[in-house]
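Written out below as structure tokens is the structure these notes cover.
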Amino acid sequence: METPESLLYLSHKTLESLSLTIEDAIESIERLLRRRRQSQVWNAPKAVITPPDGRYMMATLSAADDPPFLAVKSLILNSHNRERGLPDINSLITLLDSNTGLPLAVMDGNWITAVRTAGLSAVAARRLARSDTSIAAFIGCGVQARSHLQAFSALFPLKEIRAFGRGSVNREALCQAAEKLGLSAVASRSAQEAVSDADLVISTVMLSPELVPFLDARWLKPGTFVTAVDLAASWLKDSMPAFERIIIDDLEQETQMPTPLVDPELVNGDLTGLVNGDIAGRCSDDEKVAFIFRGLALGDLALAALAYQRARQSFKGFEIKR
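With this note's numbering applied, the sequence shown covers 273 to 594.
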């Protein structure tokens, strides 16, 4: 790949203007998951710092030979940001040429994170959720809930969403977004009311030291698929055996984490194994399955590379001459 003479800055607005679809995201992620098996893509476990004041600091790293890119994401979650009128989470992604190490782009990490997270969930859902999924329950109604709504409404014949979250503004915004997509939307009075009889459950509860698990997998009907974007921190540990199968994003990364997402005895495999056919997709209509994940750096690379290539092709973004 010939290195351009300028560094590209891609803002949130520019990234949105690229019109990347959930199918684009899925295809890009799946391609890298397959090439990972061929030792053409590498994914480092995320590095995390948790200061005693409740902030969460994280960095991810992933690289590929084809496309020849390396992506690094730096992220900070601080719940006190809302007092400053800022998002709880802010992040930045840098993209380098994986051969030369020369920087290619800097881009808004919040947009990439939202789309790639929904993309990872969608890769799992296409294999593990029922194809006739029509009712989706959202536990947590923020940015991740909205990105998952966009993704899953494009993948499944959704008719109704149920929303439960502590913030009425986010809950109403999620319901309005669903109605604009032609779906009926219900603001549920309790988490149990939201998930009961749902085909699909998306938990995106904001992580904090004060979070007490409150979701019970025993509330779910047979056949439900859950994607736990919140590391399953909102789910009661003793209820997790109610799932027939649990898939995580990365077995290799999980072995290096100080606290497991879920009892390792309950884990049946990871996303790389699922995409490459090492483990089966949904086995029966009544199977209750969960996808629990920390976030895979490979997903950041997939979306950052795709956005960069699309921006270069369409001459978008702010150029900084070398």
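We treat Cβ as the ideally placed atom computed from N, Cα and C, and that holds for glycine.
Check	Outcome
Pull up the distance between the alpha-carbon of I407 and that of A569, whole angstroms please.	30 Å
Report the start-end ranges of each alpha helix (DSSP H) in the stretch 482-511 that is 4 residues or longer and not cut off at the edges.	none
In chain order, what residues of the same chain have a beta carbon less than 7 Å from the beta carbon of S506, not counting five sequence neighbours either side?	I411, S475, V477, L483, P485, F486, L487
If L427 sits next to A457, beta carbons under 8 Å apart, how far is it from one beta carbon to the other, in whole angstroms?	Incorrect: roughly 18 Å between the Cβ atoms, too far for contact.
Within this structure, are the beta carbons of D471 and R554 separated by less than 8 Å?	no
Tell me the DSSP secondary structure of N353 in three-state form.	helix
Looking only at its own chain, which residues have a Cβ that is under 7 Å from the Cβ of P340, when we skip the five neighbours before and after it?	M273, D369, S370, N371
For the candidate residues D380, L374, L342, whose alpha-carbon lies nearest to that of P359?	D380
Taking three-plus beta-carbon pairs below 8 Å as touching, is the stretch 559-569 in contact with the stretch 518-532?	yes
If you draw a straight line from the C-alpha of M390 to the C-alpha of A449, how long is it?	Looking at the sequence shown, residue 390 is not Met but Ala. Straight-line Cα distance between these residues: approximately 16 Å.
L538 to E302, Cα distance in whole Å?	24 Å
Rounded to a whole number of angstroms, what is the C-alpha to C-alpha distance between E355 and G549?	47 Å
According to DSSP, is I520 part of a helix, a strand, or is it coil?	strand
So A463 packs on F497, CB below 8 Å; how close in whole Å?	Between F497 and A463 the Cβ distance is about 17 Å, and since that is not below 8 Å, they are no contact.
When the Cα atoms are used, what is the spatial distance from A319 to A489?	29 Å
Within this structure, are the beta carbons of A514 and L533 separated by less than 8 Å?	no
Rounded to the nearest angstrom, how far is the Cβ of L364 from that of V378, given a contact under 8 Å?	7 Å
Below 8 Å on the Cβ atoms is my contact criterion, and I expect V473 with A409 to pass it. Report the Cβ-Cβ distance as a whole number of Å.	5 Å
Would L546 and A297 be called neighbours here (beta carbons separated by less than 8 Å)?	no
Could you tell me the distance, in whole angstroms, from the CA atom of G414 to the CA atom of R306?	31 Å
Which same chain residues end up closer than 7 Å to Q416 when comparing Cβ atoms and leaving out the 5 residues on each side of it in sequence?	A386, T389, T476, V501
Taking 8 Å as the threshold (C-beta atoms), are L543 and V344 in contact?	no
In chain order, which continuous runs of the beta strand (DSSP E) of length 3 or greater are located wholly inside the stretch 358-386?	361-369, 375-380
Nearest CA to the CA of T293: which residue from E516, A579, I321, E591?	A579
To the nearest angstrom, report how far apart S425 and L453 are at their CA atoms.	8 Å
Cα separation between L479 and S346?	17 Å
Would you mind reading off the limits of the beta strand (DSSP E) that contains L472?	472-475
State the CB to CB distance for the pair L430 and L446, rounded to an integer number of angstroms; the pair is presumed to be in contact (CB under 8 Å).	Incorrect: roughly 13 Å between the Cβ atoms, too far for contact.
In terms of residues, what are the limits of the alpha helix (DSSP H) holding L543?	543-547
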